[in-house]
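Comments concern the structure below.
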Amino acid sequence: MYVVHPPQSVIKAVVQRIVYGNWYVHGYVWVRREFDTWLLARLDQLIDGCLIDEPKTWKYTKKLVLNREINSILDIGAHIGGYSVVLGRRISGVAVEPMPDTFRILVYNILINQSNIKALNMAVYDGSAPTVKLCRSPCHSGADFISDEGDVEVPQTTLNDLWGIYGPFDLVKVDVEGAEDKIFKSTEIEPKYLIVEVRSCTWPIVRKLISKSYRIVFMEKLIRSKKVFNVFLKKR
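FYI, my numbering numbers position 64 of the sequence shown as 386, with every residue one higher than the one before it.
What follows is the structure in structure tokens.
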């Protein structure tokens, strides 16, 4: 059972949508998504919530779910639920989002849509300390990142621990703004599918995964960036 104390603006947006059918109110907008879902989002969360940056990755993932090749998801860096909340109408999973205000919206999206998703407010990292600090991106909430200079402190866990407690999962999606190397540093898990967001400093992770037991299905350059890609991998 989730107990979340949202800002009043979120409550008002929910009431306005349910009672009056309003699409936009108090800085929040309602977005219609697949599988009969609605996502509540701030304006700076729309691109990530609608997956505008990564249409090929989303289309392929949705196809695998519809074909029943994926029945569970671990969504690391879930944001407001662009993947996990929508897919949670068809499959089960765990969504991990470290930033507290984004996490509150994620939880409300899960509840509103009755998605079969468990939400965790923590960061996935290397397990070297009980907590990590987060910095807010000046651009949009989907680019918040881990940094020792951050002003938001949250608990951390590891990919191995999540797998051991909640797994196994058919799909693991990792979108952590450059911290992918820390997450995969000593992991032992081997899901059927992996989606990893990579940039120049994290390409060695993909090479490591390929050398172990994965092959690249495709790569997709994110629309807003020239140097950031989604790499979709499948276990051989």
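Don't be surprised by glycine CBs; every beta carbon is placed ideally from N, CA and C. This structure is a prediction, so every number in the text was calculated from the model and none was measured.
Contact between the stretch 363-383 and the stretch 435-450 is absent: fewer than three C-beta pairs spanning the two stretches fall below 8 Å.
One thing to note: residue 407 has its Cβ within 8 Å of the Cβ of residue 361.
The closest CA to that of residue 506, considering only 490, 493, 492 and 524, is found on 524.
Between the alpha carbons of residue 411 and residue 424 lies a distance of about 20 Å. With a contact defined as Cβ atoms closer than 8 Å, residue 456 and residue 420 qualify at about 6 Å. Residue 483: member of the alpha helix (DSSP H) spanning 481-488, first to last residue. In the structure shown, the three-state DSSP call for residue 385 is helix. For residue 516, the closest C-alpha among the options 375, 535 and 432 is that of 535. Annotation for residue 531: no beta strand (DSSP E) segment contains it, though the alpha helix (DSSP H) segment containing it runs 525-534.
Cβ atoms of residue 395 and residue 493 come within 8 Å of each other, at about 5 Å.
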